[in-house]
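**Student:** Residue numbers (my numbering), protein chains in the order written: chain A, 1 to 96; chain B, 101 to 196. Once you've had a glance at the structure underneath, I'll fire off some questions.
Number of protein chains: 2
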Amino acid sequence: MLVIVTYDVSTVTPAGRKRLRRVAKACERYGQRVQKSVFECQVNDMQFEELERQLLGEIDAEVDNLRFYRLTEPHHLRVKQYGVFRSVDFEGALVV
Amino acid sequence: MLVIVTYDVSTVTPAGRKRLRRVAKACERYGQRVQKSVFECQVNDMQFEELERQLLGEIDAEVDNLRFYRLTEPHHLRVKQYGVFRSVDFEGALVV
Numbered sequence: 001m002l003v004i005v006t007y008d009v010s011t012v013t014p015a016g017r018k019r020l021r022r023v024a025k026a027c028e029r030y031g032q033r034v035q036k037s038v039f040e041c042q043v044n045d046m047q048f049e050e051l052e053r054q055l056l057g058e059i060d061a062e063v064d065n066l067r068f069y070r071l072t073e074p075h076h077l078r079v080k081q082y083g084v085f086r087s088v089d090f091e092g093a094l095v096v
Numbered sequence: 101m102l103v104i105v106t107y108d109v110s111t112v113t114p115a116g117r118k119r120l121r122r123v124a125k126a127c128e129r130y131g132q133r134v135q136k137s138v139f140e141c142q143v144n145d146m147q148f149e150e151l152e153r154q155l156l157g158e159i160d161a162e163v164d165n166l167r168f169y170r171l172t173e174p175h176h177l178r179v180k181q182y183g184v185f186r187s188v189d190f191e192g193a194l195v196v
């Protein structure tokens, strides 16, 4: 199944940016980052449980918000996107 | 149906922040803001078309990314969330 992970974290602090990087890294094992804090992950039930457990170990539940949305098949009917796909500058590394 | 709208925009610039505010305003007519740039909108097919058209009029397709995810029923089985729900400080107005 396709699971959309959205993660709301303040990136004003270094700690927040670090949590976002670690959440991104975990999600990217199962799919791709499509926005700065949105990930599309292709997982089965077991992988979903693993991912969920990993992410719950990364976030700060006192200040962050993490959401999972499960999309049913066929995915191409459920997803629409517009605009630019910014695959390289999510960390701001290439933007001065 | 429940449509998840996710909007990736740079809020470094005043223009980007303004676009996010306008996208939020449009989405909030149909649902609620659940993260800084994630909205859960309850719409029928006609409303979805309206919302889509409005948002396409607000975004800058050269620099922003806008995604729509349609969730099927029953929604409570498709959505999971963890952490804090920051409903008041999305604009940073209450955070010094």
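Idealized CB from N, CA, C, for every residue including glycine. All values reported here derive from a predicted model rather than from experimental measurement.
#1: Is leucine 20 (chain A) close to chain B, meaning its C-beta is less than 8 Å from at least one C-beta of that chain?
#2: Output, in chain order, the set of chain A residues within a Cβ distance shorter than 8 Å of tyrosine 130 (chain B).
#3: Beta carbon of valine 138 (chain B), beta carbon of threonine 113 (chain B): below 8 Å?
#4: So which residues of chain A does threonine 111 (chain B) contact, with C-beta pairs closer than 7 Å?
#5: Under 7 Å, CB to CB, which of the residues in the region 61-79 of chain A have a partner in chain B?
#6: Taking C-alpha atoms, which residue in A:Arg21, A:Leu2, A:Phe85 lies nearest to serine 10 (chain A)?
#7: Would you verify that the beta carbon of glycine 83 (chain A) is, or is not, closer than 8 Å to some beta carbon of chain B?
#8: Does leucine 5 (chain A) get closer than 8 Å to chain B when you measure Cβ to Cβ?
#9: Using only alpha-carbon positions, find the residue among B:Glu158, B:Arg178, B:Glu162 that is nearest to alanine 124 (chain B).
#10: Do the region 60-69 of chain A and the region 172-182 of chain B touch if we need at least three Cβ pairs shorter than 8 Å?
#11: Do you know offhand how far glycine 16 (chain A)'s Cα is from lysine 136 (chain B)'s?
#12: Out of A:Ile4, A:His75, A:Leu71, A:Asp45, point me to the one whose CA is closest to valine 34 (chain A)'s CA.
#13: For isoleucine 104 (chain B), which beta-bridge partners are listed by DSSP?
#14: Per DSSP, what kind of secondary structure is threonine 11 (chain A) in: helix, strand or coil?
#15: For arginine 19 (chain A) and aspartate 45 (chain A), which I take to be in contact (beta-carbon distance under 8 Å), what is that distance rounded to the nearest angstrom?
#16: List, in order along the chain, the chain A residues whose C-beta lies closer than 8 Å to that of leucine 156 (chain B)?
**Tutor:** So, from the listed chains and residues:
#1: So no, leucine 20 (chain A) is outside the interface.
#2: Against tyrosine 130 (chain B), chain A offers no close residue; the least beta-carbon distance is about 16 Å (beta-carbon pairs closer than 8 Å).
#3: For valine 138 (chain B) and threonine 113 (chain B), no; Cβs fall outside 8 Å.
#4: Under the 7 Å cutoff, chain A gives no residues; its nearest Cβ is about 10 Å from threonine 111 (chain B).
#5: Residues of the region 61-79 of chain A with a C-beta atom less than 7 Å from some C-beta of chain B are Ala61, Glu62, Val63, Asp64, Asn65, Leu66, Arg67, Phe68, Tyr69, Arg70, Leu71, Thr72, Arg78, Val79, listed in chain order.
#6: Among A:Arg21, A:Leu2, A:Phe85, the Cα nearest to that of serine 10 (chain A) is on A:Arg21.
#7: Closer than 8 Å to some Cβ of chain B, the Cβ of glycine 83 (chain A) qualifies, so yes.
#8: Residue identity check: residue 5 (chain A) is valine in the sequence provided, not leucine. At a cut-off of 8 Å between beta-carbon atoms, valine 5 (chain A) makes no contact with chain B.
#9: Residue nearest to alanine 124 (chain B) within the set B:Glu158, B:Arg178, B:Glu162 is B:Glu158 (criterion: CA-CA distance).
#10: Yes, since at least three Cβ pairs between the region 60-69 of chain A and the region 172-182 of chain B fall closer than 8 Å, the two stretches touch.
#11: Roughly 14 Å separates the two Cα atoms.
#12: Looking at A:Ile4, A:His75, A:Leu71, A:Asp45, the one whose alpha-carbon comes closest to that of valine 34 (chain A) is A:Ile4.
#13: Isoleucine 104 (chain B) pairs with B:Glu140, B:Tyr169.
#14: Residue state, collapsed to three classes: coil.
#15: Not quite, the Cβ-Cβ distance comes to about 26 Å (not below 8 Å), so this is no contact.
#16: Within chain A, the residues near leucine 156 (chain B) are Tyr82.
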